[in-house]
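Asker:
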Amino acid sequence: MARGHQNFVCQACGALTKKWQGKCDACGEWNTILEEVALEAPGFGQGAGKGKAVKLSSLSGPADRSERFMTGIAEFDRTLGGGAVPGTAILVGGDPGIGKSTLLLQALARMSESGLKCVYITGEESVDQIRLRASRLGLQDADIKVASETRVKDILATLTSAERPDVVVIDSIQTMYSEAVDSSPGSLTQVRLSSQNLIHFAKKTGAAIFLIGHVTKSGQLAGPKTMEHMVDTVLYFEGEKTYQYRILRTTKNRFGSNDEIGVFEMTGTGLIEVKNPSSLFLSDHKEATEGLAVFPSIEGTRALLVEIEALVVGSPAAMPRRAVVGWDSGRLAMVLAVLDARLGLGFGASDVYLNIAGGMKVVEPAGDVPVAAALISSLTKRPLPADMVMLGEISLSGDIRPAAHLKARLKEAEKLGFGRALVPKAAKLPKTTLNLIKVEKVGDLLDLFDIKATS
Ligand code: TYD
Ligand code: MG
47 MARGHQNFVC QACGALTKKW QGKCDACGEW NTILEEVALE APGFGQGAGK
97 GKAVKLSSLS GPADRSERFM TGIAEFDRTL GGGAVPGTAI LVGGDPGIGK
147 STLLLQALAR MSESGLKCVY ITGEESVDQI RLRASRLGLQ DADIKVASET
197 RVKDILATLT SAERPDVVVI DSIQTMYSEA VDSSPGSLTQ VRLSSQNLIH
247 FAKKTGAAIF LIGHVTKSGQ LAGPKTMEHM VDTVLYFEGE KTYQYRILRT
297 TKNRFGSNDE IGVFEMTGTG LIEVKNPSSL FLSDHKEATE GLAVFPSIEG
347 TRALLVEIEA LVVGSPAAMP RRAVVGWDSG RLAMVLAVLD ARLGLGFGAS
397 DVYLNIAGGM KVVEPAGDVP VAAALISSLT KRPLPADMVM LGEISLSGDI
447 RPAAHLKARL KEAEKLGFGR ALVPKAAKLP KTTLNLIKVE KVGDLLDLFD
497 IKATS
């Protein structure tokens, strides 16, 4: 980055331009371009003087496998890939009010019990507010040091002067600032510089640092690309405000799988782990209901049973409605087209609504079969068996393709007391106590309803 040249930076996407402009060409946002004043700030430019040679090592030396810091919260540790790695930075993103501060305070309390020195720095609240939250959570006696501060220089001075902490929480990175650059807290430049300095501290001292980050309207972390590249692990804490459950999702992890999830429930006294998440998303339907199918989905490495609800009703409109919540509308259109073309089921004159119960989101193609079954069930007003789970991807030709992780999916269904599973015929079938119904073509689904295809 040459000085005096491309020093206008879009605060939304990080793109560089040579001159100021009202609209960023890269991301299309308006009024986000600011001049970056101090390119020579610590960590940015190369500063004065010559560089010195660094020691080069061979690849075959011993790897440092230092012990991980366990949070003691199994759902959290799993998303971290088995605890936090010392000397790394973990970004925890999420909507305001979703429970990030609560989660991290609870995790710190557990970590301090195991003898780790923990520090919680807040730029959002006062120390009193943190104390209030701690007593609400029953953690007022936990050995956590708290400070309310936003100036990174002072924070680093504190962390290096006092007893060296093992774990530090910064709540939130958007409130932190450094005078080295001339832009306001929360701007891309500030977020980047503050993170850089804090991450440097973690690497140097071997502390694990959790950076809490807010998500922008469009669902991204402010200063998205830069932040995600700088840290070692990115977790998102998400959920619907109107539901009690929260999902902690790994989207990047240098030290573990990057598609893990941990499930929590927000209660009056903090977050509790949900060991059996499927029970959270299933209703207690004992009798069969029209338009309802149960899908054993996979989130990360774990299976989760979700209910798919479809409603098909005659439409007075020339352009019938298609509304989807929690599933992809493009896939719904595709499944409807296949059902129309291959089976002659006419959805053309009907409104179609599809919903994943409990506010869950399903992105797997293996959800095609339960979606199709729920649609046919609602169209024909014939319920699906209440003790059956189903899965499989539907191709445009109407074939049903196998899906991965069948063993875990069927085990979860067994655990929750289901008796039957409808699975793709081509799949390699694991041992199971479930009664398996194998299907090959989308037309085979009609057997469930005792109807014949008309095309
Ligand atoms: P908080 O951790 O402050 O969210 P964030 O840091 O992500 O902004 O949690 C905010 C919400 O959680 C708030 O609406 C109150 C609720 N809450 C509970 O329901 N139970 C609790 O024990 C606590 C501490 C908070
Ligand atoms: Mg907070």
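So the sequence shown is numbered by this note's numbering: it starts at 47 and just counts up by one. For glycine and all other residues, C-beta sits at the position ideal for the given N, C-alpha and C.
(1) Any idea what DSSP makes of Glu159, helix, strand or coil?
(2) Look up Asp141 in the DSSP assignment and say whether it is helix, strand or coil.
(3) Within the chosen definition, does the region 271-288 reach the region 119-139 through at least 3 CB pairs nearer than 8 Å?
(4) In its own chain, which residues sit with a C-beta less than 6 Å from the C-beta of Thr221, not counting the 5 before and 5 after it?
(5) Would you grab the beta carbon distance between Lys191 and Glu336 for me? Rounded to a whole angstrom, and I think it's under 8 Å.
(6) How would you label Asp305, buried or exposed, when you count the other beta carbons within 10 angstroms and need 16 or more for buried?
(7) Taking all protein chains shown into account, decide if Thr206 is buried (16 or more other Cβ within 10 angstroms of its Cβ) or exposed.
(8) Closest to Ile216 by C-alpha separation, out of Leu257, Ala383 and Trp76, would be which residue?
(9) Output the distance between the C-alpha atoms of Asn322 and Ser104, rounded to the nearest integer angstrom.
(10) If you measure from the CB of Glu170, is any heavy atom of ligand 2 nearer than 7 Å?
(11) In the structure shown, what three-state DSSP assignment does Met47 receive?
(12) Say yes only if the C-beta of Ser147 is nearer than 7 Å to one or more non-hydrogen atoms of ligand 1, and no if none qualify.
(13) Taking C-alpha atoms, which residue in Met380, Ser329 and Met406 lies nearest to Val398?
(14) When every heavy atom of ligand 1 is checked, does at least one fall within less than 7 Å of the C-beta of Gly314?
(15) Tell whether a beta-carbon distance below 8 Å holds between Gly184 and Thr313.
(16) Just checking my contact of Ala459 with Ala467 at CB under 8 Å: how many whole Å lie between their CB atoms?
(17) Grab me the residues of Glu82's own chain with a C-beta within less than 6 Å of its C-beta, minus the 5 sequence neighbours each way, in chain order.
(18) Below 7 Å, is the gap between the Cβ of Asp217 and the nearest heavy atom of ligand 2?
(19) Drop a sphere of 10 angstroms on the beta-carbon of Asn77, count the other beta-carbons inside from all chains shown, and report buried for 16 or more, exposed for fewer.
(20) Would you kindly work out how many angstroms separate the C-alpha atoms of Leu85 and Val370, rounded to a whole number?
(21) Between which two residues does the alpha helix (DSSP H) harbouring Thr335 extend?
(22) From the DSSP output, read off the bridge partner residues of Tyr223.
(23) Assign Glu355 to buried or exposed, taking buried as 16 or more other Cβ atoms, counted over all protein chains shown, within 10 Å of its Cβ.
(24) Run through DSSP, which three-state label would Gly91 get?
(25) Please say whether Leu294 and Asn243 have beta carbons closer to each other than 8 Å?
(26) Going by DSSP, what residue range makes up the beta strand (DSSP E) through Ala504?
(27) Kindly indicate which three-state DSSP category Cys59 falls into: helix, strand or coil?
(28) Quick test of your reading: Ala403 and Ala339, contact by CB under 8 Å. State the CB separation rounded to the nearest angstrom.
(29) For Ile376, report the span of its alpha helix (DSSP H) as first-last.
(30) Closer than 7 Å: is that where the CB of Gly489 sits relative to any heavy atom of ligand 1?
(31) Nearest-angstrom Cα distance between Ala254 and Gln186?
(32) From the DSSP output, in three-state form, read off Glu86 for me.
(33) Go through its chain and collect everything with a Cβ distance to Ala87's Cβ below 8 Å, but skip five positions before and after it.
(34) By the 10 Å Cβ neighbour count, where 16 or more other Cβ atoms means buried, how is Gln67 classified, buried or exposed?
(35) Any heavy atom of ligand 1 closer than 7 Å to the CB of Gly140?
Answerer: This is what the structure gives:
(1) It is helical.
(2) Residue state, collapsed to three classes: coil.
(3) Yes, the region 271-288 touches the region 119-139.
(4) Cβ within range, chain order: Gly169, Glu170, Thr196 and Pro231.
(5) Not a contact, Cβ separation roughly 58 Å.
(6) By the neighbour-count rule (16 or more Cβ atoms within 10 Å), Asp305 is not buried but exposed.
(7) Looking at its Cβ environment, which holds fewer than 16 other Cβ atoms inside 10 Å, Thr206 is exposed.
(8) Selected option, being the one with the closest Cα: Leu257.
(9) One C-alpha to the other measures close to 46 Å.
(10) At least one heavy atom of ligand 2 is nearer than 7 Å to the Cβ of Glu170, so yes.
(11) Low confidence applies here, because Met47 scores a pLDDT of 43, under 50, leaving its location unreliable and the question unanswered by this model.
(12) Between ligand 1 and the CB of Ser147, the shortest heavy atom gap is smaller than 7 Å.
(13) Of Met380, Ser329 and Met406, the residue nearest in Cα terms is Met380.
(14) Within 7 Å of the C-beta of Gly314 there is at least one heavy atom belonging to ligand 1.
(15) No; because the gap between Cβ atoms is not below 8 Å, this pair is not in contact.
(16) About 6 Å; that satisfies the 8 Å criterion.
(17) Excluding residues within five positions, the ones whose Cβ falls inside 6 Å are Asn53, Val55 and Thr235.
(18) Short note on Asp217: C-beta closer than 7 Å to some heavy atom of ligand 2.
(19) With fewer than 16 other Cβ atoms from the protein chains shown falling within 10 Å of its own Cβ, Asn77 counts as exposed.
(20) With a pLDDT of only 44 at Leu85, under the threshold of 50, the placement of this residue in the model should not be trusted; the figure read from the coordinates follows. Val370 has its alpha-carbon roughly 47 Å from the corresponding atom of Leu85.
(21) Thr335 -> no alpha helix (DSSP H), and no H or E assigned at all.
(22) In the DSSP assignment, Tyr223 is bridged to Arg197.
(23) So Glu355 ends up on the buried side.
(24) Model confidence at Gly91 stands at a pLDDT of 49, short of 50, so the residue's coordinates are unreliable; what they give is reported in the following sentence. In the three-state reduction of the DSSP assignment, Gly91 falls in the coil class.
(25) The answer is no: Cβ separation not under 8 Å.
(26) Nothing can be reported for residue 504: it is not among the residues displayed for the chain, which extend from 47 to 501.
(27) Looking at Cys59 - three-state DSSP - the assignment turns out to be coil, as it is neither helix nor strand.
(28) Between Ala339 and Ala403 the Cβ distance is about 11 Å, and since that is not below 8 Å, they are no contact.
(29) Inspection of the sequence shows that residue 376 is occupied by Gly rather than by Ile. Ser375 to Leu389 is the extent of the alpha helix (DSSP H) around Gly376.
(30) Every heavy atom of ligand 1 is 7 Å or more from the Cβ of Gly489, so no.
(31) Between the alpha carbons of Ala254 and Gln186 lies a distance of about 23 Å.
(32) Low local confidence applies: a pLDDT of 47 at Glu86 is under 50, so the model's placement there is unreliable, and no value is given.
(33) Unreliable positioning characterises Ala87 in this predicted model, as indicated by a pLDDT of 48, which lies under 50. The coordinate reading is nonetheless provided below. Excluding the 5 residues flanking it on each side, Ala87 has same chain C-beta neighbours closer than 8 Å at Ser224, Ala226, Val227 and Leu239, in chain order.
(34) Exposed, by the Cβ-count rule.
(35) Yes, the beta carbon of Gly140 sits closer than 7 Å to at least one heavy atom of ligand 1.
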